[in-house]
Amino acid sequence: MNERWYIIINPRAGSGKTMSAWMPAERLLKRSSIEFICSYTEYKGHAAELAQRAAQLGYRRILAVGGDGTLHEVFRGIMLFCDSSEKASPSEFYLGVVPIGSGNDWIKSLGVPHNATEVIRLIAQNSFRKMDVVRMLHSGGEVCYMANIGGVGFDSHVCERVNWQKEMGKRSTVIYLRGLKYTLSNLHSINVKVTVDDKEVFCGECYSIALGNGKYSGGIMCQVPKARIDDGIVDIMIVPIIPVSKIIKEIPKLLTGSLGDNDPVIFARGKTIVIEPMDEKSRDIFEADGEVEGTLPLIVKVGDEQINALKG
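This is the structure:
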């Protein structure tokens with residue numbers, strides 16, 4: 309196996325400020341005698357291709373330089389390699405990110421600082437912890453992977469709006485607030501049945517379903533405050549139909565992670581979550597780590613496999 313770090317850099321992350329943030333970190337890598345090789349992404353999905361190719365070449369230490377979208381792609385590339393090879397296990401891999409994007413939610417559950425040079429120091433200290441591998445099987449039998457947070461309904465439409473703004477060249481945490489406001493103004497419900505470990509926990513109209521391996525999403529939100537990235541469980545929060553005014557009233561709790569069992573939401577936890585649309589118009593989009601990946605129905609599974617994730 310190759311002991312060098314394979315570093316995948318997204319030059320468009322952080323409003324194009326990647327290189328100014330990355331260069332000091334690169335110098336620290338060299339001073340720390342950490343061997344590495346760099347590749348740069350050129351288009352959407354390229355980071356996944358580069359990570360999969362790096363794994364095929366024997367690299368087991370892979371670092372993403374960018375935001376949650378870059379991290380999501382790199383994780384996907386590693387897992388595509390593992391799932392296509394009988395000899396590879398996620399436990400062989402060490403995954404980290406130099407956070408330069410606008411959201412940077414994944415690092416919050418791991419205590420990783422939003423500082424490029426501090427990340428390199430953690431790598432030099434070999435500071436890692438286990439992270440669960442979450443697979444999402446959706447319509448047509450396709451598989452995608454979730455490192456941090458996923459969602460359906462309101463949650464996925466906020467991500468869709470945010471990604472549209474990014475494609476228009478907009479950045480910063482403000483776009484999440486704008487996406488939140490826009491989606492609230494165009495709120496619609498979906499009719500679904502949700503089963504957790506073969507037990508039905510909800511059936512009917514709802515506005516949103518959040519799925520958590522980690523806790524944080526949207527740069528500012530904590531929808532699943534009890535989620536732990538290494539407990540072999542996916543946490544779920546369902547927002548049933550309630551007055552919009554009440555939803556707006558609960559937003560401060562959403563931002564602080566203080567939503568509880570007495571609030572007008574439904575919490576559940578389990579290893580296998582099935583979300584089925586009850587009618588054709590409820591075949592809604594879903595997202596994983598902020599990226600829209602497909603449509604319902606959806607099966608979310610977490611098993612015993614874990615990858616080594618950088619920790620602060």
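In this note's numbering, the protein residues as written are 309 to 620. Cβ coordinates follow ideal geometry from the N, Cα and C atoms, glycine included.
Around Asn-499, the same chain offers Glu-513, Met-586, Asp-587 and Ser-590 as residues with beta carbons nearer than 6 Å, after the five sequence neighbours per side are excluded. Here Trp-313 has Phe-344, Arg-369 and Leu-371 as same chain residues with Cβ atoms under 6 Å from its own Cβ, once five neighbours each way along the sequence are excluded.
As DSSP reads the structure, Met-545 sits in a beta bridge with Ala-518 and Phe-575. Straight-line measurement puts the Cα of Tyr-524 at about 14 Å from the Cα of Cys-467. Looking at the backbone, the Cα of Val-451 and that of Leu-358 are separated by about 19 Å. Under the DSSP assignment, Pro-332 falls in the alpha helix (DSSP H) whose first and last residues are 326 to 339. Note that the C-beta distance between Gly-578 and Val-542 is below 8 Å. Judged by DSSP secondary structure, Arg-437 falls outside any alpha helix (DSSP H) and instead within the beta strand (DSSP E) spanning 436 to 446. About 7 Å separates the CB atoms of Gly-458 and Met-444; that is less than 8 Å, so the two are in contact.
In this structure, the beta-carbon distance from Asn-456 to Gly-522 falls below 8 Å. Residue nearest to Ser-393 within the set Thr-378, Leu-365, Asp-506 and Asp-413 is Leu-365 (criterion: CA-CA distance).
The three-state secondary structure of Thr-349, taken from DSSP, is coil. Met-439 is not a Cβ neighbour of Asp-592, given a cutoff of 8 Å.
Contact between Ile-574 and Pro-548 holds, with the beta-carbon distance rounding to 7 Å and staying under 8 Å.
The beta carbon of Gly-520 is closer than 6 Å to those of Ile-457, Val-532, Ala-535 and Asp-543 in its chain, skipping five residues each way along the sequence. Setting aside the 5 residues that flank it on each side, Pro-407 is surrounded in the same chain by Ile-415 and His-422, each with a C-beta closer than 6 Å to its C-beta; the list follows chain order.
In this structure, Leu-418 places its C-beta atom within 8 Å of the C-beta atom of Gly-620.
Judged by DSSP secondary structure, Met-309 falls outside any beta strand (DSSP E); it is assigned neither H nor E. Around the C-beta of Tyr-351, fewer than 16 other C-beta atoms lie within 10 Å, and the residue is accordingly described as exposed.
Counted as a single uninterrupted DSSP element, the alpha helix (DSSP H) harbouring Ala-356 occupies residues 354 to 364. In this structure Thr-349 is in contact with Asn-318, their Cβ atoms being roughly 5 Å apart against a cut-off of 8 Å.
When the beta-carbon positions are compared, Ile-386 and Gly-404 stay at least 8 Å from each other. The beta-carbon separation of Gly-461 and Ile-517, rounded to 6 Å, stays under the 8 Å limit for a contact. In this structure, Met-454 lies away from Val-470, with their beta-carbon atoms at least 8 Å apart.
A straight-line Cα-Cα distance of about 14 Å links Asp-413 and Glu-595.
Under the DSSP assignment, Ile-415 falls in the alpha helix (DSSP H) whose first and last residues are 414 to 418. Taking each of Ile-546, Ser-464, Gly-602 and Lys-395 in turn and checking the Cα distance to Ala-576, the smallest one comes out for Ile-546.
Separation of Gly-374 and Gly-565 (C-alpha to C-alpha, rounded to the nearest whole angstrom) is 25 Å.
In the DSSP assignment, Arg-369 is bridged to Trp-313 and Tyr-402. Where Glu-426 is concerned, the enclosing alpha helix (DSSP H) starts and stops at 424 to 432.
Across the structure, Ile-315 and Ser-347 are spaced so that their CA atoms are roughly 6 Å apart.
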